[in-house]
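Novice: Residue numbers (this note's numbering), protein chains in the order written: chain B, 1 to 223; chain P, 1001 to 1223.
Backbone N, C-alpha and C define an ideal beta-carbon position, used for all residues, glycine too.
Structure below; questions to follow.
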């Protein structure tokens, strides 16, 4: 909260760009699966309800991926996007909290598909330790967190714990050397400089539906 | 995919605006809980890493909420935002799919807090029917869906089913009169005109962390 505005706004641009690149990758995966070899920014925008100018601008920032008269080669652009998003190697993830949400996240098929590996789950409840999720992710005692993070070279910790326990888990994760956290619990959490915390608030999605119902508008949306 | 561009872009603006209003409401809740009575767009932006000009523009679209020399009265603006977002009445929600994700969503504390009521869960698995989630949401047989939706005046259906079952559930929900759906399963789903479908892709959040790790950048983020 004390950072200067220039770095703050630079940050927000990167953040939004990363989300859009991730959406483009998802669209390209769908096109590739359908056997499409190349696509223009215009067609990509039309098919997936995106903005063609924004696509061109976002991609141009990272290199010259477009080919005049062709657009983008689907597989080539996929490969480039995966490198930009850091998905050209397996990203190793630990889920903290083995309740329903934690178990659901550990087994979420989309993660594995994109090259994320859910290496372990952690919980402080004795009765859960030693069990496995449906897809075989083992639940480890929270006391082992630091050791396992080092040994398994965990990149990202996903927090699916009650709000009251969240800050303590963040502190433990940061002390263990974790530099990126995805948090599903409500409430503001503090991380030191150099650590990235991303909050997922599922209420925002539901409110956006409520907004449309209240306004009597409705339409398909891929967001 | 055949809609004209004007309506499509108008749609996207509303969609993004709704998400931002929802974030503003979350920030105002935090300020209200901390006993703050009024706040300027500048302070709001600084405290929550938002854009002050965007806040003023978004709010001005719906009315004149700002007071010269004061900014916004926190509680008053909260009340206005809740009306705009359709949260001035209880929004009734059904969760389809009583797996780990469905159970987690049925018990998600953020929903209840903002005035959403999770009225029922549905599942086609006999062994689950009749059970309840931890907070007491009853699991009903999928065959009863239409009847229960009418009787309980369900506004929104949340889909937490495997991808292979998702389109069939959408069809059943639409036939039962549901006009707003929140989908957690991967893959593209079709809804008829007049029905709003919102997809939540949890992979996007994880990829944005991977993006920052790959670039060696890191910073706190409230998005």
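Please check if any C-beta of chain P sits within less than 8 Å of the C-beta of residue 213 of chain B.
Specialist: Judged by the 8 Å Cβ criterion, residue 213 of chain B is in contact with chain P.
Novice: Write down the C-beta distance between residue 52 of chain B and residue 1188 of chain P rounded to the nearest angstrom, noting that I regard them as a contact closer than 8 Å.
Specialist: About 19 Å separates the two Cβ atoms, so there is no contact after all.
Novice: Could you check the C-alpha separation between residue 183 of chain B and residue 1110 of chain P for me, to the nearest Å?
Specialist: Cα-Cα distance, rounded: 13 Å.
Novice: Using DSSP bridges, identify the partner residues of residue 134 of chain B.
Specialist: Looking at the DSSP assignment, residue 134 of chain B forms no beta bridge with any residue, so it has no partner.
Novice: Between the segment 122-155 of chain B and chain P, which residues of the former have CB atoms less than 9 Å from a CB of the latter, in chain order?
Specialist: Residues are counted here when their Cβ sits less than 9 Å from a Cβ of chain P; for the segment 122-155 of chain B these are 133, 134, 155, given in chain order.
Novice: Taking 8 Å as the threshold (C-beta atoms), are residue 1096 of chain P and residue 1033 of chain P in contact?
Specialist: no
Novice: Of all the residues that make up the segment 93-119 of chain B, which are near chain P by a beta-carbon distance shorter than 9 Å?
Specialist: 93, 99, 100, 101, 102, 103, 104, 105, 106, 107, 108, 109, 110, 111, 113, 114, 115, 116
Novice: Of all the residues that make up the segment 1018-1032 of chain P, which are near chain B by a beta-carbon distance shorter than 8 Å?
Specialist: 1018, 1019, 1021, 1022, 1023, 1025, 1026, 1030
Novice: Got a sec: which bits of the segment 187-211 of chain B sit with their beta carbon under 7 Å from any beta carbon on chain P, in order along the chain?
Specialist: 188, 191, 194, 195, 196, 197, 198, 199, 200, 201, 202, 203, 204, 205, 206, 207, 208, 209, 210, 211
Novice: Find the residues of chain B that neighbour residue 1091 of chain P, judging by a C-beta separation of less than 7 Å, and give them in chain order.
Specialist: 210
Novice: Using a cut-off of 7 Å between C-beta atoms, extract the partners of residue 86 of chain B located in chain P.
Specialist: 1210, 1211, 1213, 1214
Novice: Got a sec: is the Cβ-Cβ distance from residue 182 of chain B to anything in chain P below 8 Å?
Specialist: Among the CB atoms of chain P, one or more fall inside 8 Å of the CB of residue 182 of chain B.
Novice: Would you check if there are 3 or more beta carbon pairs closer than 8 Å linking the segment 18-25 of chain B to the segment 78-93 of chain B?
Specialist: yes
Novice: Under 8 Å, Cβ to Cβ, is there at least one residue of chain B near residue 1004 of chain P?
Specialist: Because the pLDDT at residue 1004 of chain P is just 34, under 50, the model does not fix this residue reliably, and the point stays unresolved.
Novice: Looking at residue 226 of chain B: is its Cβ nearer than 8 Å to the Cβ of residue 71 of chain B?
Specialist: As shown, chain B starts at 1 and ends at 223. That puts residue 226 of chain B outside it, with no answer to give.
Novice: Return yes when the Cβ of residue 1136 of chain P is within less than 8 Å of the Cβ of residue 1121 of chain P, no when it is not.
Specialist: no
Novice: Look up residue 1149 of chain P in the DSSP assignment and say whether it is helix, strand or coil.
Specialist: helix
Novice: In the DSSP output, what is residue 1121 of chain P paired with across the bridge?
Specialist: P:1095, P:1139
Novice: Between the alpha carbons of residue 1143 of chain P and residue 1124 of chain P, how many angstroms are there, rounded?
Specialist: 8 Å
Novice: Would you call the segment 202-217 of chain B in contact with the segment 1051-1065 of chain P, where contact means no fewer than 3 C-beta pairs closer than 8 Å?
Specialist: no
Novice: Can you tell me the Cα-Cα spacing of residue 1149 of chain P and residue 1181 of chain P, whole angstroms?
Specialist: If you draw a straight line from the Cα of residue 1149 of chain P to the Cα of residue 1181 of chain P, it comes to about 13 Å.
Novice: For residue 1014 of chain P, which residues of its own chain have a beta-carbon under 6 Å away from its beta-carbon, when the five flanking residues on both sides are left out?
Specialist: none
Novice: If you reduce the DSSP assignment to three classes, tell me which class residue 57 of chain B lands in.
Specialist: helix
Novice: Could you give the DSSP three-state label for residue 110 of chain B: helix, strand or coil?
Specialist: helix
Novice: To which residues of the same chain is residue 1192 of chain P closer than 7 Å at the C-beta, ignoring the five residues directly before and after it?
Specialist: 1174
Novice: Is the shortest distance between the beta-carbon of residue 1001 of chain P and the beta-carbons of chain B less than 8 Å?
Specialist: Because the pLDDT at residue 1001 of chain P is just 33, under 50, the model does not fix this residue reliably, and the point stays unresolved.
Novice: To the nearest whole angstrom, what separates the beta carbons of residue 1152 of chain P and residue 1112 of chain P, a pair I think is in contact under 8 Å?
Specialist: About 16 Å separates the two Cβ atoms, so there is no contact after all.
Novice: If I measure Cβ to Cβ from residue 190 of chain B and keep anything under 8 Å in the same chain, skipping five residues before and after, which residues do I get?
Specialist: 167, 170
Novice: Tell me the DSSP secondary structure of residue 100 of chain B in three-state form.
Specialist: helix
Novice: Report the three-state DSSP secondary structure of residue 1183 of chain P (helix, strand or coil).
Specialist: Three-state result, residue 1183 of chain P: strand.
Novice: Counting C-beta neighbours from all protein chains within 10 Å, is the total for residue 1186 of chain P 16 or more, i.e. buried, or is it exposed?
Specialist: Residue 1186 of chain P is buried by the Cβ-count criterion.
Novice: Alpha carbon to alpha carbon, how far is residue 1078 of chain P from residue 1037 of chain P?
Specialist: 11 Å
Novice: Which value, in whole angstroms, describes the spacing of the CA atoms of residue 1001 of chain P and residue 1194 of chain P?
Specialist: Because residue 1001 of chain P carries a pLDDT of 33, less than 50, the predicted location of this residue cannot be relied on, and no value is offered for it.
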